[in-house]
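Asks: First, the structure itself, so that you have it in front of you.
The structure is reproduced here in structure tokens:
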């Protein structure tokens with residue numbers, strides 16, 4: 447079968463676009479709730495049910511409290527499971543009214559209320575590794591688009607980096623979903639004077655996972671071909 451060189455620019459550019467999207471979304475999740483300007487990038491929010499104006503935002507690396515001003519703190523304790531216990535211990539010092547009239551939970555009806563020893567699910571290291579993989583992917587994707595003659599990517603390095611980023615992003619989605627959704631549920635059921643809700647960063651994580659997955663599809667195109675040839679691509 448005659449071989450000919452098939453231009454890969456559309457797939458290269460598509461992979462670059464989705465790689466950039468995933469990288470930026472993971473980065474936004476990492477920097478959320480560390481400064482007043484990034485308080486909108488949160489995973490969980492706690493508000494006073496009495497509408498007093500107090501709002502607490504929780505991200506991966508810190509939290510912000512909005513009450514006649516916005517103050518942000520960097521705290522590794524916000525990544526400790528069970529998060530609802532960490533939040534109650536943290537806010538009970540300054541806002542004890544939120545935790546009055548605690549409703550005792552029946553562990554048979556609410557298994558999530560069972561005592562759980564504090565532990566770190568290692569979300570932050572996974573996010574950093576994902577950022578490193580996607581950053582390397584982004585550099586190679588840009589190099590391939592702007593220097594196609596110098597970088598052929600015959601070994602599908604970009605595609606495998608995209609696949610690794612996809613797996614790490616999926617891990618982050620799973621870990622964050624379990625940690626934050628359980629904490630929100632327990633806070634709402636246990637403390638009647640506060641309202642806990644999920645933030646937009648969970649959506650950003652899901653979109654990042656989808657972006658890396660689509661990038662891996664675009665950049666791994668042709669990897670399973672037995673008749674592959676470094677000199678060109680076979681006709682379809």
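In my numbering, the protein residues as written are 447 to 682. Using N, Cα and C, we set each Cβ at its ideal position, and we do this for glycine too. Remember, it's a predicted structure, so these values are computed and weren't measured experimentally.
Please classify residue 657: does DSSP put it in a helix, a strand, or coil?
Replies: As a working mapping, residue 657 is identified with position 211 in the chain shown. Residue state, collapsed to three classes: helix.
Asks: Would residue 612 be called buried (16 or more neighbouring beta carbons within 10 Å of its own) or exposed?
Replies: Here residue 612 refers to the residue found at position 166 when the chain shown is read from its first residue. By the 10 Å Cβ count, residue 612 comes out buried.
Asks: Per DSSP, what are the beta-bridge partners of residue 493 in this structure?
Replies: Here residue 493 is taken as the residue at index 47 of the chain shown, counted from 1. Beta-bridge pairing links residue 493 to 501 and 641.
Asks: Could you spell out where the beta strand (DSSP E) holding residue 512 opens and where it closes?
Replies: Within the chain shown, numbered from 1, the residue matching residue 512 stands at position 66. Start and end: 508 to 512.
Asks: Give me, in chain order, the residues of the same chain whose beta-carbon lies closer than 7 Å to that of residue 481; leave out the 5 immediate sequence neighbours on both sides.
Replies: As a position in the chain shown, residue 481 is number 35, starting the count at 1. Within the same chain, residue 481 has close Cβ partners 518.
Asks: How many Å lie between residue 626 and residue 489 at the Cα?
Replies: Translated into the one-based positions of the chain shown, residue 626 becomes position 180. Translated into the one-based positions of the chain shown, residue 489 becomes position 43. Their Cα atoms are separated by approximately 7 Å.
Asks: According to the Cβ coordinates, are residue 573 and residue 475 closer than 8 Å?
Replies: Position 127 of the chain shown, counted from the first residue, corresponds to residue 573. Position 29 of the chain shown, counted from the first residue, corresponds to residue 475. Yes, they are a contact pair.
Asks: Throw me the rounded Cβ distance for the residue 505 and residue 580 pair, which I believe falls under 8 Å.
Replies: One-based indexing of the chain shown puts residue 505 at position 59. One-based indexing of the chain shown puts residue 580 at position 134. Not a contact, Cβ separation roughly 19 Å.
Asks: The alpha helix (DSSP H) with residue 576 in it runs from where to where?
Replies: Working through the chain shown from its first residue, we reach residue 576 at position 130. That run of the alpha helix (DSSP H) goes 569 to 592.
Asks: Mind checking residue 458: buried by the 16 CB within 10 Å criterion, or exposed?
Replies: Numbered from its first residue, the chain shown carries residue 458 at position 12. Flag for residue 458 reads buried.
Asks: Starting from the Cα of residue 515, find the closest Cα among 595, 526, 666 and 502 and give me that residue.
Replies: Against the chain shown, residue 515 aligns to sequence position 69. Comparing Cα-Cα distances from residue 515 to each of 595, 526, 666 and 502, the minimum goes to 502.
Asks: Residue 524 and residue 509 look like a contact to me (Cβ under 8 Å); what is the Cβ gap, rounded to whole Å?
Replies: What you label residue 524 is simply residue 78 of the chain shown in a count that begins at 1. What you label residue 509 is simply residue 63 of the chain shown in a count that begins at 1. Their Cβ separation, rounded to whole angstroms, is 6 Å, which keeps residue 524 and residue 509 in contact under 8 Å.
Asks: Quick one: grab the DSSP three-state call for residue 488.
Replies: Position 42 of the chain shown, counted from the first residue, corresponds to residue 488. Three-state DSSP puts residue 488 in coil, outside helix and strand.
Asks: From the DSSP output, in three-state form, read off residue 475 for me.
Replies: As a position in the chain shown, residue 475 is number 29, starting the count at 1. Correct three-state label for residue 475: helix.
Asks: Do you know how far the Cα of residue 669 is from the Cα of residue 681?
Replies: For the purposes of this step, residue 681 is taken as residue 235 along the chain shown, with counting starting at 1. For the purposes of this step, residue 669 is taken as residue 223 along the chain shown, with counting starting at 1. Residue confidence is low: residue 681 scores 41 on pLDDT, short of 50, so the model does not pin down where it sits. Its coordinate-derived value is still stated next. Each residue's Cα considered, the two are about 15 Å apart.
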